[in-house]
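**Q**
Residue numbers (the working numbering): 5 to 97.
1. Please give the ranges of any alpha helix (DSSP H) in the segment 8-64, keeping only runs that are unbroken, at least 4 residues long and fully inside the region.
2. Give me, in chain order, the residues of the same chain whose beta-carbon lies closer than 8 Å to that of residue 37; leave out the 5 immediate sequence neighbours on both sides.
3. Taking the alpha-carbon of residue 54 as reference, which of 68, 33, 72 and 40 has the nearest alpha-carbon?
4. Along the alpha helix (DSSP H) that carries residue 91, what are the first and last residues, could you check?
5. Tell me where the alpha helix (DSSP H) around residue 83 begins and ends.
6. Would you decide whether residue 26 is buried or exposed? Buried here means 16 or more other CB atoms lie within 10 Å of its CB.
7. Which word fits residue 23, buried or exposed, when buried means at least 16 other C-beta atoms lie within 10 angstroms of its C-beta?
8. Is any heavy atom of the ligand GTP found at a distance shorter than 8 Å from the C-beta of residue 91?
9. If contact is defined by three or more beta carbon pairs under 8 Å, each pair taking one atom from either stretch, is the segment 12-22 in contact with the segment 55-62?
Here's what the structure looks like:
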């Protein structure tokens, strides 16, 4: 069985995106809504950007990954538009 991961992407503005990668592909950086991210950066800022990808959970069990992804989105509040770029599950304060 291959290892599956949940990762946290941190953008230069400090906002985060949490996602899963069921293939653990080194170069995969998620399926964040590009328009949401771009709206937070000026054209000049978009010319050079450094992001960080941290693996925050690993498992060989897809069901566990799916469950933990939601838990970690809520834990880190990456679905809160002031904190992150996840839009699911819907944030409620």
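All C-beta atoms, glycine included, are put in the ideal place defined by N, C-alpha and C.
Note that the structure is predicted; figures quoted are calculated from it, not measured.
**A** Short version:
1. 38-42
2. 89 and 91
3. 33
4. Unbroken run through residue 91: none, as it is neither H nor E.
5. Segment: none, residue 83 is in no alpha helix (DSSP H) and carries neither H nor E.
6. exposed
7. buried
8. The ligand GTP is not among the ligands present in this structure, which contains no ligands whatsoever.
9. yes
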